[in-house]
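This note's numbering numbers the first residue of the sequence shown as 459 and each following residue consecutively.
Think of the CB as a built atom: it goes at the ideal place given N, C-alpha and C, for glycine as much as any other residue.
Just so it is clear, the structure is predicted and the values come from calculations on it, not from any experiment.
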Amino acid sequence: MTELFAPVVSIAKTQRGRFFWAAWWTEPPALHPFRKPDASNGGASTYEEAKQDAERVAARALVEVDARWARACVRVMRGMPPFTPSELRAAREGASEHVRARRAPVGAPQSLWSVLGVDPKATVAEIKRAYRARALETHPDQGGDPDAFRALHAAYERAIARRDKQAKRPKKRAPE
């Protein structure tokens with residue numbers, strides 16, 4: 459029995475602000491061993507241009523998948539392993555960050571501390587460190603979810619404002 463497969467394209471923004479695409483239409487991309495795409499190209503100036511170019515080369519409509527596949531293809535072309543340890547860990551856990559976010563009920567309230575992934579008693583330095591790490595995962599230019607990034611940024615601003623407010627309060631003196 460043949461496995462059904464939808465032809466896919468993965469598009470990632472490069473460090474130079476261009477868009478690199480990688481497309482698979484004969485077989486799906488594979489994690490182990492990494493399956494190279496049927497075609498790939500870089501240099502598109504817009505996301506839409508990259509998708510149109512990929513569909514023109516494939517001569518069919520392509521379904522968009524996570525940008526990590528395009529980034530993996532770039533790494534392989536540079537002679538590096540296709541996935542970083544954190545990406546492999548996420549794949550073993552079953553899904554990337556934005557897929558996990560989709561599993562959460564829509565509109566479910568989350569504390570700003572859980573969004574940042576820090577303890578409520580975290581210092582400003584710990585909050586900033588956590589924000590930077592999570593921003594790399596959720597930023598839309600890195601293949602993350604724009605809504606998750608907005609929520610992260612709002613949580614960061616509220617957490618920093620709380621810490622600033624606490625710093626301005628006078629310290630309570632111990633009773634003598």
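If Ala525 sits next to Ser498, beta carbons under 8 Å apart, how far is it from one beta carbon to the other, in whole angstroms?
Contact doesn't hold; Cβ gap of about 13 Å is too wide.
Consult DSSP for Gln473 and reduce its assignment to one of helix, strand or coil.
For Gln473, the secondary structure class from DSSP, reduced to helix, strand or coil, is coil.
Could you tell me the boundaries of the alpha helix (DSSP H) in which Ser498 lies?
Ser498 -> not in any alpha helix (DSSP H); beta strand (DSSP E) instead, spanning 497 to 502.
List the residues that DSSP assigns as beta-bridge partners of Ala480.
Paired residues: Ser468, Ser498.
Determine the direct distance from the alpha carbon of Ala619 to that of Lys626, and round the result to whole angstroms.
Rounded to whole angstroms, Lys626 and Ala619 show a C-alpha spacing of 11 Å.
Val576 - DSSP class collapsed to helix/strand/coil:
Here DSSP, grouped into helix, strand and coil, assigns Val576 to coil.
When we look at the beta-carbon of Thr484 and count the other beta-carbons within 10 Å, is it buried (16 or more) or exposed?
Classification of Thr484: exposed, given that the 10 Å Cβ count is below 16.
Endpoints, the beta strand (DSSP E) within which Glu522 is located:
Looking at the DSSP string, the run of the beta strand (DSSP E) that includes Glu522 is 521 to 523.
If I'm right that Gly602 touches Ala588 with Cβ under 8 Å, what's the distance once you round it to whole angstroms?
No, Gly602 and Ala588 are not in contact; Cβ-Cβ is about 15 Å, not under 8 Å.
Straight-line gap, Ala517 to Ile469 (C-alpha atoms, nearest Å)
Cα-Cα distance, rounded: 17 Å.
Run of the alpha helix (DSSP H) containing Thr596, from where it starts to where it stops
First-last of the alpha helix (DSSP H) with Thr596: 582 to 596.
Taking the alpha-carbon of Cys531 as reference, which of Tyr505, Ala606, Val467, Gly475 has the nearest alpha-carbon?
Minimum Cα distance to Cys531 is reached at Val467.
Once the 5 residues before and after Asp496 are set aside, which same chain residues still bring their CB inside 7 Å of it?
Here Asp496 has Ala481, Trp482, Trp483, Thr484 as same chain residues with Cβ atoms under 7 Å from its own Cβ, once five neighbours each way along the sequence are excluded.
For Val582 versus Arg616, is the C-beta spacing smaller than 8 Å?
No, they are not a contact pair.
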